[in-house]
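Numbering (the working numbering), first residue to last: 2 to 148.
Ideal placement from N, C-alpha and C gives every residue a C-beta, glycine not left out.
Remember, predicted model here, so these are calculated numbers, not experimental data.
To start, the structure under review is shown below, and the notes come after it.
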Amino acid sequence: MPEALNYVQFSALMPVLALISWTLVMWLWVMLTRIPAMRKHKIHPQKGKHVHELHDVLPQKIRGIGDNYNHLHEQPTLFYALAFFLALGGGHDKVNVGFLWAYVVLRVVHSLIQATVNVVSYRFYVFVASTLCLFVIVLRELMRLFL
């Protein structure tokens with residue numbers, strides 16, 4: 002543990018490392034599936050210069066894995082900023098850290114749904130639940146700071 006942070010501050014950053022690690026797992030999954038699929042379907046790499054062009058030629062299951070990898074670069078940016086805000090701004094209590102971990106678990110579940118069965122309603126419910134984790138943390142922080 003870095004000496005500049007105490008244990009509780011550091012605990013707010015562990016979910017960040019976990020989600021970054023998961024994002025890299027999804028990157029590997031994309032590479033291990035997309036490249037062989039492109040070879041199998043004889044898709045020239047230049048065709049992928051704009052990912053949306055691959056949507057018409059790659060199988061849906063392969064697209065879902067890549068789509069999820071891209072999703073891990075969208076809303077999670079709020080998660081990363083919020084986790085650092087908590088660690089540095091004093092809002093790194095056990096409840097907030099618990100919600101950070103819940104967010105990570107829900108994003109992993111979301112990834113697994115999208116990359117396997119890809120049932121949109123399941124993904125939607127998990128996405129909403131993960132977003133609510135962020136809402137709870139933000140509301141708790143606003144109350145802590147301004148009330």
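- prompt: For ASN71 versus SER112, is the C-beta spacing smaller than 8 Å?
  reply: In this structure, SER112 does not lie closer than 8 Å to ASN71 by Cβ.
query: Between VAL127 and ALA84, is the Cβ-Cβ spacing less than 8 Å?
result: no
field: Segment limits, alpha helix (DSSP H) that includes VAL129
entry: 121-147
query: By Cβ distance, which residues of its chain are closer than 6 Å to VAL137, with the 5 residues on each side in sequence left out?
result: PHE100
query: Around the C-beta of ALA88, are 16 or more other C-beta atoms found within 10 angstroms, so that it is buried, or is it exposed?
result: buried
message: Measuring only the C-alpha atoms, how far is LEU146 from ALA116?
response: Straight-line Cα distance between these residues: approximately 39 Å.
task: Starting from ASP68, follow the alpha helix (DSSP H) in both directions and report where the run begins and ends.
output: Its alpha helix (DSSP H) spans residues 61-72.
query: Are TYR104 and LEU73 close, meaning C-beta to C-beta below 8 Å?
result: no
message: If I measure Cβ to Cβ from VAL96 and keep anything under 8 Å in the same chain, skipping five residues before and after, which residues do I get?
response: ARG141
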